[in-house]
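J.:
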Amino acid sequence: MPASAAGNRPEELCERLASVDSGVRLKALREIKNQIIGNRTKKLTYIKLGAVPRVAAIVGDDDSDAPLFVQSAAALGSFACGVDIGVKTVLKSGAFPHLIRILSNQDEKVVDASARSLRMIFQSKLAPKYDFLNRKDMDFILSLLNSVNENVTELAASIIAHSCQTGGEQKALSDEGVLQKLMNLLTGSINQRDASLDAFAAIFRNNSELISKFAGFDNGRKTLGPVVELLKDKYPRTRLLASVCLIVIGQASPCHLEELGVKTKLIPVLVELLEEPGQPGDDAPFTLANFVAGKEELQKLAFDANAVEKLCKFLRKTAVQPKRFEGLLLALSELCSKLEICRNQFHQLQVLHIVIDALKHDSTEVRSAACYCLRSITRSVKSLSAGDFTNETILVPLVQLLRDPSTSVQVAALGPLSNIAVDFTPRKAIFVQCGIVKEIIQLSKSMDSAPRLNAVWALRNLMFLSDKMGKESILIELTLSTLASLICDSEVSIQEQALGLVCNLLDGSIDSIEYAFAEDGKIIKAVARQVKNATNLEVCIQGMYVLSNIAAGNELHKEAVMDHIIPPVSSGGGTPIITSHLRSSDSRLRTASTWCIVNLTHPTSTDASDRIARLRNAGVIGQIKSMVNDPCLDVKFRVRTALEQCTTFGNAAS
Amino acid sequence: MSLFWFVVGQLASTETMSTSKKVITREEWEKKLNDVKIRKEDMNKLVMNFLVTEGYVEAAEKFRMESGTEPDIDLATITDRMAVKKAVQSGNVEDAIEKVNDLNPEILDTNPQLFFHLQQQRLIELIRNGKVEEALEFAQEELAPRGEENQSFLEELERTVALLAFEDVSNCPVGDLLDISQRLKTASEVNAAILTSQSHEKDPKLPSLLKMLIWAQNQLDEKAAYPRINDLSTAALEDPSI
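In structure tokens form, the structure reads like this:
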């Protein structure tokens, strides 16, 4: 019979939860429980009606009998299952301590119900954390682990998986012999096994010391072997959790994964899991993405295991759940991040339009993931130079995302735009038509550093090999003062990108070098300040390249650079900044600095001999001479060129 | 010329191989089998596993007392599980849902597909009983939101609601939903889910052993002639045909 008939309407049932007659309360509880289990809509309805605090009151009432405890605990567990707002409401209702209290009830059914209910709560990120450095919490968790009740030990493992975060906690748990107890759970019920794998991952995360200790003399063959065995388990969820656990071990301590010989085994397991319906199949692409991220060798293995083909196949399926869709896109983005063969296959399978459509998806996460995927795909130099992406079908939706309500989507959208921007010159019109430049500049002024960084990055790529018109159109929008302040941004990474942008701006002709001196030399002053004061190596390198580009200009330009790299005699001298950079232990900074000297002493310029004299007096030429046998070939060749130029003039002068 | 002789040579050798199948007489075979030791307890466990999985609770209880074999599951849960199964088989789906929830509320809360199939079965029963209005209301209130959450549920829902559109449901393209086999399908899905939630295999072990026996015999047929078991119900050894 439909729930709305015969006095089973939610409002009425809610009323009855507060009845004085415990029989009426029990009946109402059971009815509500049966209505909400598996039914998201009903859960939300009852939460809105304020049913949760009433149920919490029943579980907190000492006079409640076992059936009331069982039904109320079950109802609370269901409210907390699969609905975030449900967990929130249950926690807010104060039911949590009551549920903990009835864990030690005499009636086994009450214990089961409360343990199950608590486990639902601990599956959410919102659940309270236990502090394992606190004796009381530790004793509590140990008492749960030692219980004979399966649901209770499983709960203990879930609490560990949820709460254990710091190295100190990991060590404390291990010192109390928890790892051994979890090991025993691996031979228990399916649920115990899964919860235990989860807990293992939490205790091992980023803790190579603990892993080594636990692995013991045979590198974990005996202790970790059972986890490896579970990769072949019948249940997909168990296979997935075992994979996650081993990946955690591998990321903290690569040698152990190597020793166990599972690195190659994991890929096919994960690829196969993609086929699973439900939770394991939803999680598998995320796990795969995490595993291969940044590791070309693993990406190749995944490619060989047909991962790209499978991912694309699922992408094609209509009506993929948002969560799974996001995972598929992320996994593809990792797989295509380095290898051209993966990108080729992606193109052959013709799924680009699906990814482009995903840019308009309702879910924020899916939109971001689609951007990440496109970023990897647009890394292909081959496709870029063929101009594959410089068309409105892909650019228009990307630009729209620059105004997305979510900052993370804005940042993600800048990724592929930056890549496509490298292809700016020949098809500039499209970028301007789509209003991209304007939107990106808007983001470069964002208060949030993430979009600011990525926007500057995109602009840097837009500047790359751009013609005068292109540069002009960007600068008009951006303004020199914004650019100068970006050079001195509070974030080092933004400073670096801004200097890179200036480098591309000044590259090419005498005309463009003039930008550095416009508005009272705003840009060159900012650059010089960074070259002099920056402690970050990358910033110094980029700064020196900007100065090198300026030093390639006319006499005035060169003189300006001289003034910035050698202190005026009036200031009493000291080690010139260029000398300290030439002495850097980083060969890239030495190269950039030597380039600057090469440009300053170029024989075609009229005042070269004068500059050489000043450099010699400041000890810079001496420094260059000491570098003729620099271990870095690049530096060595530039040093030779510089010295040859200096001697040409030296001879002429004498 | 040489190639020709080579091929003939190969044919000849295959022929000798096929005719030279090893023959094992019944005597030899029985002697070999006698050497294989099987522990009584293992046999008992297999029988117990069969009784438990198939839900013969009284037999399991008797067997436990007579043989001293402990079941790997609380026998009381079998009664509950069989009650659920029976409720679905006889069309009392609501009753079945309540029973599953009493057994373990997680089963239906974490298994949307099973939950949907039970609700779908409930709808089918309403339609079967001619309660059109109630069926429509139920479909709208309970099932439509599930369809919104999952595309494949929506398709199944549409197929089920289509039952209402036909005068003669026995002769319509979706008539199979009203078939008793649909109830059995749903019942077995619930049964499997309950077993899994109890960390119990959803299939008994004995059928797998017999499957393996048939497979092994097929493999052996290529190499030898031996007394074969053809009738599984009697497990009688039949003399090899030579």
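For the protein sequence lines, the chains are A and B, in the order given.
Quick note: to get the numbering used here, add 1 to the position in the first sequence (first position is 1).
Quick note: to get the numbering used here, add 7 to the position in the second sequence (first position is 1).
Glycine included, every Cβ here is placed at the ideal spot set by N, Cα and C.
Beta carbon of residue 656 of chain A, beta carbon of residue 414 of chain A: below 8 Å?
T.: Look at the range of chain A in this structure, 2 to 655, and you will see that residue 656 of chain A is not part of it.
J.: Against residue 42 of chain B, what residues of chain A qualify as contacts under a CB-to-CB distance less than 7 Å, listed in chain order?
T.: Residue numbering aside, residue 42 of chain B sits at position 35 when the second sequence is read from its first letter. In chain order: nothing, as chain A lies at least about 32 Å away.
J.: What do you reckon, are the CB atoms on residue 114 of chain A and residue 70 of chain A nearer than 8 Å?
T.: The residue labelled residue 114 of chain A in the question sits at position 113 within the first sequence. The residue labelled residue 70 of chain A in the question sits at position 69 within the first sequence. Closer than 8 Å, so yes.
J.: Which residues bound the alpha helix (DSSP H) around residue 505 of chain A?
T.: Stepping through the first sequence from its first residue, residue 505 of chain A is reached at position 504. Start and end: 493-507.
J.: What residues are listed by DSSP as bridge partners for residue 235 of chain B?
T.: The count along the second sequence starts at 1 and reaches residue 235 of chain B at position 228. Residue 235 of chain B is bridged to B/245.
J.: Tell me which same chain residues have a C-beta within less than 8 Å of the C-beta of residue 222 of chain A, skipping the five on either side of it?
T.: By 1-based counting over the first sequence, the position of residue 222 of chain A is 221. Contacts found: 260, 261.
J.: Report all residues from its chain with a CB closer than 8 Å to the CB of residue 531 of chain A; omit the five preceding and five following residues, and keep chain order.
T.: In the first sequence, the residue the question calls residue 531 of chain A occupies position 530. Correct list, in chain order: 488, 489, 496, 500, 540, 541, 544.
J.: Using a Cβ-Cβ cut-off of less than 9 Å, give me the residues of the segment 175-206 of chain B that come near chain A, in sequence order.
T.: 203, 204, 205, 206
J.: According to DSSP, is residue 648 of chain A part of a helix, a strand, or is it coil?
T.: As a first step, residue 648 of chain A is located in the first sequence; it is residue number 647 there, counting from the start. Reduced to three states, the DSSP call for residue 648 of chain A is helix.
J.: Using a threshold of 8 Å, state whether the C-beta atoms of residue 423 of chain A and residue 385 of chain A are closer than that.
T.: Looking up residue 423 of chain A in the first sequence gives position 422. Looking up residue 385 of chain A in the first sequence gives position 384. Yes. Within cutoff.
J.: Please check the pair residue 198 of chain B and residue 88 of chain B, which I expect to be a contact at CB under 8 Å, by giving their CB distance rounded to whole angstroms.
T.: One-based indexing of the second sequence puts residue 198 of chain B at position 191. One-based indexing of the second sequence puts residue 88 of chain B at position 81. Right, the Cβ-Cβ distance comes to about 6 Å (below 8 Å), so this counts as a contact.
J.: Per DSSP, which one or two residues make a beta bridge with residue 53 of chain A?
T.: Here residue 53 of chain A corresponds to residue number 52 of the first sequence, with the count starting at 1. Answer is none; residue 53 of chain A lacks a bridge partner.
J.: Can you list the residues of chain B that residue 75 of chain A reaches, using a CB-CB cut of under 7 Å?
T.: Indexing the first sequence from 1 puts residue 75 of chain A at position 74. Near residue 75 of chain A (Cβ distances below 7 Å), the residues of chain B are 112.
J.: Is the distance from the Cβ of residue 152 of chain A to the Cβ of residue 194 of chain A below 8 Å?
T.: For the purposes of this step, residue 152 of chain A is identified with residue 151 of the first sequence, where counting begins at 1. For the purposes of this step, residue 194 of chain A is identified with residue 193 of the first sequence, where counting begins at 1. Contact: no.
J.: Kindly identify the DSSP beta-bridge partner or partners of residue 30 of chain B.
T.: Residue 30 of chain B sits at position 23 when you count from the first residue of the second sequence. Residue pairing by DSSP puts residue 30 of chain B in a beta bridge opposite B/232.
J.: Applying the 10 Å Cβ sphere with the 16-neighbour rule, what's the burial state of residue 10 of chain B?
T.: Translated into the one-based positions of the second sequence, residue 10 of chain B becomes position 3. Low confidence applies here, because residue 10 of chain B scores a pLDDT of 41, under 50, leaving its location unreliable; read the following figure in that light. Label assigned to residue 10 of chain B: exposed.
J.: DSSP state of residue 425 of chain A, grouped into three classes?
T.: Counted from its first residue, the first sequence places residue 425 of chain A at position 424. With a pLDDT of only 48 at residue 425 of chain A, under the threshold of 50, the placement of this residue in the model should not be trusted; the figure read from the coordinates follows. Looking at residue 425 of chain A - three-state DSSP - the assignment turns out to be coil, as it is neither helix nor strand.
J.: Please classify residue 218 of chain A as buried or exposed, where buried requires at least 16 neighbouring CB atoms within 10 angstroms.
T.: The residue labelled residue 218 of chain A in the question sits at position 217 within the first sequence. Answer is exposed; the Cβ neighbour count stays below 16.
J.: Restricting to runs no shorter than 4 residues, where is the alpha helix (DSSP H) found entirely within the segment 123-147 of chain B?
T.: 139-145
J.: Can you tell me where the alpha helix (DSSP H) with residue 149 of chain B in it begins and where it stops?
T.: In the second sequence, residue 149 of chain B corresponds to position 142, counting from 1. Where residue 149 of chain B is concerned, there is no enclosing alpha helix (DSSP H), given that its DSSP letter is neither H nor E.
J.: What do you reckon, are the CB atoms on residue 78 of chain A and residue 112 of chain B nearer than 8 Å?
T.: As a first step, residue 78 of chain A is located in the first sequence; it is residue number 77 there, counting from the start. As a first step, residue 112 of chain B is located in the second sequence; it is residue number 105 there, counting from the start. Going by beta carbons, residue 78 of chain A and residue 112 of chain B fall inside the 8 Å limit.
J.: Counting only the same chain and skipping the five closest in sequence on each side, list residues whose C-beta sits under 7 Å from that of residue 12 of chain A.
T.: Sequence index remark: in the first sequence, residue 12 of chain A carries index 11 (1-based). Cβ within range, chain order: 50.
J.: What are the start and end residues of each continuous alpha helix (DSSP H) run of 4 or more residues lying completely inside the segment 85-150 of chain A, in chain order?
T.: 85-93, 96-102, 109-123, 136-146
J.: So residue 520 of chain A is in the alpha helix (DSSP H); what residue range does that whole segment cover?
T.: Stepping through the first sequence from its first residue, residue 520 of chain A is reached at position 519. Where residue 520 of chain A is concerned, the enclosing alpha helix (DSSP H) stretches over 519-534.
J.: Would you say residue 256 of chain B faces chain A, with C-beta separation under 8 Å as the test?
T.: There is simply no residue 256 of chain B to check, as chain B begins at 8 and stops at 249 in what is shown.
J.: Could you check the C-alpha separation between residue 425 of chain A and residue 463 of chain A for me, to the nearest Å?
T.: Along the first sequence, read from residue 1 onward, the residue named residue 425 of chain A stands at position 424. Along the first sequence, read from residue 1 onward, the residue named residue 463 of chain A stands at position 462. Unreliable positioning characterises residue 425 of chain A in this predicted model, as indicated by a pLDDT of 48, which lies under 50. The coordinate reading is nonetheless provided below. Rounded to the nearest angstrom, the gap between the Cα atoms of residue 425 of chain A and residue 463 of chain A is 6 Å.
J.: In this structure, how does DSSP classify residue 44 of chain B when only helix, strand and coil are distinguished?
T.: Reading the second sequence from its first residue, position 37 is the one you call residue 44 of chain B. Of the three classes helix, strand and coil, the one that applies to residue 44 of chain B here is coil, per DSSP.
J.: Any beta-carbon of chain B closer than 8 Å to the one on residue 328 of chain A?
T.: Residue numbering aside, residue 328 of chain A sits at position 327 when the first sequence is read from its first letter. Taking Cβ atoms only, chain B never reaches closer than 8 Å to residue 328 of chain A, which makes this a no.
J.: In whole angstroms, give me the CA-to-CA distance for residue 109 of chain B and residue 34 of chain A.
T.: Along the second sequence, one-based indexing puts residue 109 of chain B at 102. Along the first sequence, one-based indexing puts residue 34 of chain A at 33. Between residue 109 of chain B and residue 34 of chain A, the C-alpha separation is close to 10 Å.
J.: Evaluate the contact criterion for the segment 398-406 of chain A versus the segment 342-356 of chain A: three or more CB pairs, one atom per stretch, below 8 Å.
T.: No: the two stretches stay apart, fewer than three of their Cβ pairs being nearer than 8 Å.
J.: Looking at C-alpha atoms only, which residue of A/165, A/178, A/237 is the closest neighbour of residue 208 of chain A?
T.: The residue you call residue 208 of chain A lines up with position 207 of the first sequence. Considering only A/165, A/178, A/237, the residue with the shortest C-alpha distance to residue 208 of chain A is A/165.
J.: Enumerated in chain order, which unbroken segments of the alpha helix (DSSP H) with a length of 4 residues or greater are wholly contained in the segment 199-287 of chain A?
T.: 209-216, 226-230, 237-253, 255-261, 264-274
J.: Give me the Cα-Cα distance between residue 658 of chain A and residue 125 of chain A, rounded to the nearest whole angstrom.
T.: For chain A, the structure presents residues 2 to 655; residue 658 of chain A sits outside this window and is missing.
J.: Quick check on residue 646 of chain A: buried or exposed, where buried means 16 or more other Cβ atoms within 10 Å of its Cβ?
T.: Taking the first sequence and counting its residues from 1, the one referred to as residue 646 of chain A is at position 645. By the neighbour-count rule (16 or more Cβ atoms within 10 Å), residue 646 of chain A is buried.
J.: Mapping the DSSP letters down to three states, classify residue 161 of chain B as helix, strand or coil.
T.: To locate residue 161 of chain B, count along the second sequence from 1; it is residue 154. Here residue 161 of chain B sits in helix by DSSP.
J.: I'd like to know if the segment 294-308 of chain A and the segment 236-256 of chain A are in contact, where contact means that at least 3 CB-CB pairs between them fall below 8 Å.
T.: no
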